[in-house]
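J.: Numbering (our numbering), first residue to last: 65 to 465. Even glycine gets a Cβ: it sits at the ideal position worked out from N, Cα and C. What you are looking at is a predicted structure, and each value in this text was computed from that prediction instead of being measured.
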Ligand code: PLP
């Protein structure tokens, strides 16, 4: 059966608007479309393909595990899930792991656990969740409600209650809404979809202090910022502020769907048999791939390379901005950058990313004002340089109108 880009519009629900070409093959950070044209991938499947396309180490484990055991359900223990959980615990603050299939599900689990933990220890009045404007936590109804972008949660009927939003990085606002009724704060240490906005270190510390003072749980959503993206294995490690619950997904599977919620023994004790679950969560195929991705990304030499390449990415973006002034800021951390359009080009991130694609490089947007980069963490220096060269051509074409 022959399919083309127009088939998408005929057969798919209209909730996405993909680019005009159909991509058929990838290797490393290069992808080819149906017509054989190549693109440099600086989007990384939205911060997912941390080891690039067709990563040999992931193919090996996928093939091995694919011939061994795919799925059992959580009625039976499996080896890869236990090994990945043990390694995540070893690498982080956590004592216990819950597996699921995506970032939104990991956050859903975190929010339900926080509510249940408060219910178990303090009663039903302690149910308030504090979250932040512009935050993004997934597309389930609970996570869009906790996310700070009402366009994703409006229009679906009554929302889950007891969720309060405050401006990100606003120390006064957070102090004014806190009380003993708060059961949890959910925050991205660096907002990704919100435009690559990093929490101030003092802000995250204040959240930690307020949670401690009011016996609330601090939840870090590291779905996008985790697994080496910032040059630390998890962004909280760079801040030195430790959460009670952390969610991780995206790069954890290097492109294979998996999510996980990490927490302490104390908090996990509320997730007793029957409280929550997932048919596919922790399946041997996903966790075997996740184990290999974690083995690779957590090596200190690998993270050192991420930091070195981050220097190249940011230097390249600043150089492009010097040559063609267009951005009011270039921000982010690690191999994760956001270029904020200046006033003269406000609202045009879609047009700029389309011009970049025309020039042969895939980039992301974060809202209407920011063009975002989240390439594979093992992108070669040559592919990064070529991607930036093509982005510069795209910028020139965009400015030429
Ligand atoms: N949390 C953050 C910070 C994210 O960036 C995303 C996705 O972009 C999610 C949660 C949702 O993850 P998923 O799309 O895997 O459900």
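According to the neighbour-count rule (16 or more other Cβ atoms, all chains shown, within 10 Å of its Cβ), is residue 66 buried or exposed?
T.: exposed
J.: Indicate, with yes or no, if the ligand PLP has a heavy atom lying under 7 Å from the CB of residue 200.
T.: yes
J.: Whole angstroms is fine: what's the gap from residue 355's alpha carbon to residue 128's?
T.: 13 Å
J.: Express the C-alpha separation of residue 275 and residue 117 in angstroms, rounding to a whole number.
T.: 40 Å
J.: Say yes only if the C-beta of residue 213 is nearer than 7 Å to one or more non-hydrogen atoms of the ligand PLP, and no if none qualify.
T.: No; taking the cut-off as 7 Å, the Cβ of residue 213 has no heavy atom of the ligand PLP nearer than that.
J.: How would you label residue 71, buried or exposed, when you count the other beta carbons within 10 angstroms and need 16 or more for buried?
T.: Label assigned to residue 71: exposed.
J.: The alpha helix (DSSP H) that contains residue 135, what's its start and end?
T.: No alpha helix (DSSP H) holds residue 135; DSSP gives it neither H nor E.
J.: Mark residue 251 as exposed unless 16 or more other C-beta atoms lie within 10 angstroms of its C-beta, in which case mark it buried.
T.: buried
J.: Can you find the residues in the same chain that come closer than 8 Å, C-beta to C-beta, to residue 135, ignoring five residues on each side of it along the sequence?
T.: 344, 347, 348, 349
J.: Can you tell me which of the three DSSP states residue 59 falls into?
T.: Residue coverage of the chain in this structure runs from 65 to 465, which leaves residue 59 outside it and unanswerable.
J.: Are the beta-carbon atoms of residue 460 and residue 388 separated by less than 8 Å?
T.: In this structure, residue 388 lies closer than 8 Å to residue 460 by Cβ.
J.: Count the other CB atoms within 10 Å of the CB of residue 303; is the residue buried (16 or more) or exposed (fewer)?
T.: buried
J.: Less than 6 Å between C-beta atoms, sequence neighbours within five positions excluded: which residues of the same chain meet that for residue 211?
T.: Excluding sequence neighbours, residue 211 sits near 199, 200, 201.
J.: Are the Cβ atoms of residue 238 and residue 272 separated by less than 8 Å?
T.: no
J.: Below 8 Å on the Cβ atoms is my contact criterion, and I expect residue 206 with residue 324 to pass it. Report the Cβ-Cβ distance as a whole number of Å.
T.: With a Cβ gap of about 18 Å, residue 206 and residue 324 do not count as contacting.
J.: When the Cα atoms are used, what is the spatial distance from residue 93 to residue 265?
T.: Going by the C-alpha atoms only, they are around 33 Å apart.
J.: To which residues does DSSP link residue 232 through a beta bridge?
T.: Residue 232 is not bridged to any residue.
J.: Going by the C-beta, is residue 314 closer than 7 Å to any heavy atom of the ligand PLP?
T.: yes
J.: What number of angstroms, rounded off, separates the C-alpha of residue 241 from the C-alpha of residue 248?
T.: 12 Å
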